[in-house]
Amino acid sequence: MSGKLARGFVERMSQVMGGVCPHHCHDPSPLSIARLSGGSNAATSDHAFEMICSTIRFGKGATSEIGYDVRQLGAKHTLLVTDKNVINTTGFKSVAQSLQSLGVKYTVFDDVLIEPTDESMLKAVDFARGIGCDSFVAVGGGSVIDTTKAAALYCSNPDADFYDFVCPPFGKNLVPQNPMLPLIAVPTTAGTGSETTGAAIMDLPKHECKSGIRQRCIKPLLAIVDPDNIKSMPRNVAIYSGFDVLCHALESYTALPYHKRVPRPARPDLRPLYQGSNPISDVWSMEALRIMGKYFRRSVADSSDEEARQNMLLASTFAGVGFGNAGVHICHGLSYPISSQGKSYFDKDYPETKPLIPHGLSVVTTAVADFEFLTASCPERHARAARQLGAEIPVG
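With positions in the sequence shown counted from 1, the corresponding number in my numbering is that position plus 8.
Right, here's the structure in full:
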């Protein structure tokens, strides 16, 4: 997408929203807030934020410990979810070996799409129900982890329709009656941060759009983040995953602050998963940006640069904690129609037989225009983010 077309997207949004984006700017107009909240005023804005995050275990070789973790759950039958590419990697084999060595019974499901759909997720749900598993291990990128979240959630809520938990406007966004079954996530890409969040994204082909599930209860119980598992990540996957990390960190840091979000929830349990930027998520997002500024180019230029790739994996996890609580905004919002309408793009590092715009590429496509649009809402905050990435911007 050209810069002119990307700016056209944002300019049209600006016209519709009266010159600002009420979800994400730091000085929203009263008119836009009224539109968003149904007439609520600043007095009803939120006064608190919460932090949720999976337990994170980070380190080279940490994957070998997963058998112990699953056994400690008291699991009788674990579903090991992956895709047809990751199943041949040393990371997957390490997980399987660890489970076998400790006598953990497991079954493999590897029919996960690179960009999952509602139908592909339902296939995983049906498979999991069919074998009667009581726990899950996800080994793969965000698509594998998100698919596993859906399977674990719907297995514990057998009477729910798939769209009961999907976000509006296509779903009902109901709160699940039961928490999902235990899930341990082992990421094999440095990008999505899904191993620490309560979000699962899918394509809805019938609607020609993307949507997702956002629930606190679907965050993995444990994330095993092992740098050894991303050694085989292809170059373009590393690039697009890195763009995803970049936008996660930038969007969460520049999101509307939690205390400007309206309306205030009637009960604490009604507070949304994505609450807006806050002092804790800021720490994670800013550190992710600092790491990105130092290591992103290196990780792409030389796939054997273990220090760079290890730090990019760390940045992905940090950004996941940040945006998993603060939220994302325009880049991700516009990425959904971009990716769903991509009818002719193929990428050599994504072995799909159908056209596919990788998520990180769809997210970064409008990023320059998006942040040009947003900068005026809080120039100081955008300048701080730029400095973290290495830009020489005077202070003050």
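Beta carbons are placed, not taken as given, at the ideal position from N, Cα and C, and that holds for glycine.
Residue environment analysis places Gln349 among the exposed positions, since fewer than 16 neighbouring C-beta atoms fall within 10 angstroms of its C-beta.
Annotation for Ile139: the continuous alpha helix (DSSP H) segment containing it runs 126-139. Distances from the alpha-carbon of Ala334 to those of Ser293, Ser151, Val183 put Ser293 closest.
Secondary structure at Lys302: helix, using DSSP grouped into helix, strand and coil. When the beta-carbon positions are compared, Ala309 and Gly201 stay at least 7 Å from each other. When the alpha-carbon of Val245 is set against those of Leu342, Asp290, Thr197, the nearest one is in Thr197.
Leu278 sits exposed, since fewer than 16 C-beta atoms from the chains shown fall within 10 Å of its C-beta.
Here Thr90 is buried, its C-beta having at least 16 other C-beta atoms within 10 Å.
Leu229 places its beta carbon less than 7 Å from that of Leu191. At the C-beta level, Thr86 and Val112 come within 7 Å of one another. For Gly341 and Tyr261, the gap between their C-alpha atoms comes out near 16 Å. Judged by DSSP in its simplified three-state form, Val253 adopts helix. Taking all protein chains shown into account, Gln283 has 16 or more neighbouring C-beta atoms within 10 Å of its C-beta and is therefore buried. Ala393 sits away from Leu264, with the two beta carbons spaced by 7 Å or more.
Minimum Cα-Cα distance from Glu295 among the listed residues Met320, Thr204, Pro276, Ser312 corresponds to Met320. Thr86: member of the beta strand (DSSP E) spanning 86-89, first to last residue. When DSSP reads this structure, Ala207 sits in a beta bridge with Arg222.
Between Lys302 and the set Ser385, Ser311, Asp290, Glu315, the nearest pair of CA atoms involves Glu315.
Within the segment 151-217, complete beta strand (DSSP E) segments of at least 3 residues are found at 191-195, 207-212, given in chain order. The closest CA to that of Pro213, considering only Pro366, Glu127, Ala274, is found on Glu127. Using a 10 angstroms sphere on the CB of Arg222, the tally of other CB atoms reaches 16 or more, which defines it as buried. Separation of the CB atoms of Tyr344 and Lys218 is rounded to 4 Å, and the pair is thereby assigned contact status at 8 Å. Asn286 counts as buried, since no fewer than 16 other beta carbons sit within 10 angstroms of its beta carbon.
Pairing Cys225 with Pro187 gives a Cβ-Cβ distance under 7 Å. Val147 sits in a strand when the DSSP states are folded into three classes. In this structure the segment 53-69 lies against the segment 266-273, because at least three pairs of beta carbons, one per stretch, are closer than 8 Å.
By the CB criterion at 7 Å, Ile288 and Ala323 fall outside the cutoff.
Per the coordinates, the alpha-carbon of Ile338 lies some 25 Å from the alpha-carbon of Leu121. Around the C-beta of Glu123, 16 or more other C-beta atoms lie within 10 Å, and the residue is accordingly described as buried. The alpha carbon of Glu388 has as its nearest neighbour, out of Asp77, Glu380, Val403, Arg65, the alpha carbon of Val403. One Cα belongs to Gln108, the other to Ala160, and the distance between them is close to 22 Å. Arg269 and Pro359 have their C-alpha atoms spaced approximately 41 Å apart. With contacts defined by Cβ atoms closer than 7 Å, Val147 and Val78 do not form a contacting pair. Residue nearest to Ile247 within the set Ser370, Leu189, Pro177 is Ser370 (criterion: CA-CA distance). With respect to the C-alpha of His215, the residue from Ala168, Pro176, Phe379 having the closest C-alpha is Pro176. DSSP, read as helix, strand or coil, puts Tyr248 in helix.
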